[in-house]
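Each residue of the sequence shown is one higher than the last, beginning at 35 in our numbering. These notes concern the structure reproduced below.
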Amino acid sequence: MFERYYYWTEIRRLRFDDTIKKLSEEEFFVSESRVMQIIRRMIQSGATVDGKHIERPMFTGFKVTSKVSLPKSQSSSGQQLLLFPEQCP
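Below is the structure:
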């Protein structure tokens, strides 16, 4: 899989996200996240293809952040949220 990643990104110059999708859907039939895990692990371990190291790609996926919840004192339950709170009567 790592050699195919090298082929698509370095030789064919396909974008990182398109390469991950191609490896996932057309060549190895595993999820995109699994392909990314394998590629990351190979890059971190210093794997080479024909003696050439592959540098870490700039885009490695979107970061998922947890939703921020309001503190209980600011929650909307039981009170109306105001569009312009400074204009309260």
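Ideal placement from N, C-alpha and C gives every residue a C-beta, glycine not left out. If you're wondering where the values come from, they're calculated on a predicted model, not measured in any experiment.
Asked: By the three-class DSSP mapping on this structure, what secondary structure does residue 64 have?; Found: coil
Asked: Quick check: is the beta carbon of residue 39 nearer than 8 Å to any beta carbon in chain C?; Found: Of the chains in the structure shown, none is chain C; there is only one protein chain.
Asked: For residue 40, which residues of its own chain have a beta-carbon under 7 Å away from its beta-carbon, when the five flanking residues on both sides are left out?; Found: 83, 88
Asked: Tell me whether residue 54 is buried or exposed, calling it buried when 16 or more other Cβ atoms sit within 10 Å of its Cβ.; Found: buried
Asked: Expressed to the nearest angstrom, what Euclidean distance is found between the alpha-carbon atoms of residue 73 and residue 45?; Found: 16 Å
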